[in-house]
Amino acid sequence: MFIIKLNAIDSTNSYLKRLSSKEVVKDFTVAITNYQTKGRGQMGTQWSSQDSKNLMFSVFKDNHNTKVEDNFYISMVVAVSILEALEAFKIKNLKVKWPNDILSEEKKIGGILIENVIKQSNISASIIGIGININQTIFDNLPQASSMRLISGRVYDLDEVLHLILKKLKHNFRLLNQKQFGLLKNTYENHLFRKDKPSTFRDSEGELFSGFIKGVSDSGNLQVLIEDNILTEFDLKAVTLLY
Ligand code: BTN
Numbered sequence: 037m038f039i040i041k042l043n044a045i046d047s048t049n050s051y052l053k054r055l056s057s058k059e060v061v062k063d064f065t066v067a068i069t070n071y072q073t074k075g076r077g078q079m080g081t082q083w084s085s086q087d088s089k090n091l092m093f094s095v096f097k098d099n100h101n102t103k104v105e106d107n108f109y110i111s112m113v114v115a116v117s118i119l120e121a122l123e124a125f126k127i128k129n130l131k132v133k134w135p136n137d138i139l140s141e142e143k144k145i146g147g148i149l150i151e152n153v154i155k156q157s158n159i160s161a162s163i164i165g166i167g168i169n170i171n172q173t174i175f176d177n178l179p180q181a182s183s184m185r186l187i188s189g190r191v192y193d194l195d196e197v198l199h200l201i202l203k204k205l206k207h208n209f210r211l212l213n214q215k216q217f218g219l220l221k222n223t224y225e226n227h228l229f230r231k232d233k234p235s236t237f238r239d240s241e242g243e244l245f246s247g248f249i250k251g252v253s254d255s256g257n258l259q260v261l262i263e264d265n266i267l268t269e270f271d272l273k274a275v276t277l278l279y
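Numbering (this note's numbering), first residue to last: 37 to 279.
Here it is as structure tokens:
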């Protein structure tokens, strides 16, 4: 496995994207940095992180065996790998808030940004960006953010956490290649935040409604049991989970 260490960069995802447009990048090439000047989050948001306190890295994954319609399984592999790694560091009450925010004690400690390279309607590769708040203790204006250190009181070695996440990613991508879809989905759904609890959502028109999260579909939609016991599926643009 190749690990490219960068002191500072705009974004490790952007770096790997540029690299892969210029040369052939090997499967599981990792780009990691101490600091990002233009860290990117999901849906065009920013991802900011103090210098050298947290993990910010991207993995180039050859995914030519994965069909476009199975693309949410890549997300599940990544979320499950992070959960399994952080569990081994004794981080409590780990959950995944659909689609892929990593929570501990109901606060966000990690995020995932996956950018797929599609060729001839297949996923040729994915750039998997992972940010985990590890030793940072102050999050200005981010009341929902936390870190492994704030949760456990311990200081962590960033490299140790990185290597365990990479090991879990290798294992779970192997399961995906073996088409162990049920196993991956079960592990993901077993950690799903607010599963089977009454929750409030906002739809794309701004209307609030309540329901019970039941799981996710193969295409990655959230399955919610709403009024009159109707199981409804929502995609990311159609719904926001409020509480
Ligand atoms: C989110 O929760 O919105 C996703 C955050 C993903 C952040 C990581 S940090 C490393 C990689 N490079 C980026 O610019 N973003 C991802």
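Cβ atoms here follow ideal geometry from the backbone N, Cα and C, with glycine treated the same way.
A direct Cα-Cα distance of roughly 36 Å separates ASN43 from LEU277.
Beta-bridge pairing by DSSP links GLN72 to ILE45. The beta-carbon separation of VAL113 and ASN158, rounded to 17 Å, does not stay under the 8 Å limit for a contact. In this structure, the alpha-carbon of LEU186 lies about 11 Å from that of LYS144.
In this structure, DSSP gives GLU151 an extended state, which the three-state scheme calls strand. Contact check for GLY147 against GLY77 passes: the beta carbons are separated by less than 7 Å. In the three-state reduction of the DSSP assignment, SER117 falls in the helix class.
With a threshold of 6 Å, the Cβ atom of MET92 counts as near the ligand BTN, since some heavy atom of the ligand is closer than that. If you look at THR268, you'll find it in the beta strand (DSSP E) that goes 266–270.
Closest by C-alpha distance to GLY189, out of LEU220, GLU243, ILE170, ASN99, is ILE170. Here SER50 has LYS74, ARG76 as same chain residues with Cβ atoms under 8 Å from its own Cβ, once five neighbours each way along the sequence are excluded. As the crow flies, the alpha-carbon of ASN70 is around 36 Å from that of PHE270. Within the chosen limit of 6 Å, the ligand BTN does not reach the beta carbon of THR236 with any heavy atom. Take GLN180, set aside five residues on each side of it, and the residues of its chain with a beta-carbon closer than 7 Å to its own are LYS143, LYS144, in chain order. Bridge partners of GLY218 according to DSSP: none are assigned.
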